[in-house]
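J.: Structure incoming, see below.
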Amino acid sequence: MYEIVLGAGLNSYSVLRRNVDTGNLRFNWGPALDCNKFRPFWIDWSNSGIAIGQGTFVGIDEMIVYSNPNQMVPSFIAVSSYRYSAFSGLWMLQSTCAINT
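Printed below as a string of structure tokens:
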């Protein structure tokens with residue numbers, strides 16, 4: 030399982046983890062989220078790795094890049110906001126690939 034956390038540590042960093050218990054693979058320092066406006070992000074898991082970036086164009090404005098020739102192929106995703114917080118999240122998801130149901 031991969032875990033991507035955007036705006037962790039009171040929005041001071043973002044992180045990619047392989048498993049929750051095995052530690053962090055990659056960091057990006059700095060705020061990723063903004064309570065006052067919508068911020069688009071993208072996730073790409075092609076080319077033997079995972080990349081996460083800001084904006085609407087995949088491959089542009091990368092925040093975190095992780096290469097792994099033995100990468101797992103994701104079979105599902107989950108999206109959530111931190112539930113023990115006074116803050117809530119609004120998520121809008123868009124897929125640009127074929128989805129098998």
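For any residue, its number in this note's numbering is found by taking its place in the sequence shown, counting from 1, and adding 29. Here a beta-carbon is modelled for each residue, glycine too, at the ideal position from N, C-alpha and C.
1. How would you label glycine 36, buried or exposed, when you count the other beta carbons within 10 angstroms and need 16 or more for buried?
2. Let me know if glutamine 123 comes out buried or exposed under the rule of 16 or more other beta-carbons within 10 Å of its beta-carbon.
3. Taking buried to mean at least 16 other C-beta atoms within 10 Å of its own C-beta, is glycine 82 buried or exposed?
4. Could you name the residues of the same chain whose beta carbon sits closer than 7 Å to that of isoleucine 77, not counting the 5 residues immediately before and after it, in chain order?
5. Comparing alpha-carbon positions, which option in Trp120, Leu119, Tyr111, Met121 lies nearest asparagine 135?
6. Report the three-state DSSP secondary structure of alanine 61 (helix, strand or coil).
7. Could you give the distance in angstroms between the alpha-carbon of threonine 130 and the alpha-carbon of proline 103?
8. Within 10 angstroms of the Cβ of serine 43, are there 16 or more other Cβ atoms? Answer buried if so, exposed if not.
T.: For this structure:
1. buried
2. exposed
3. buried
4. Checking the displayed sequence, the identity of residue 77 turns out to be serine instead of isoleucine. Around serine 77: Ser96, Asn97, Pro98, Gln100.
5. Because the chain is modelled from 30 through 130, residue 135 falls outside the range shown and cannot be assessed.
6. coil
7. Its pLDDT being 49, under 50, threonine 130 is placed unreliably in this model, and the coordinates cannot settle the point.
8. buried
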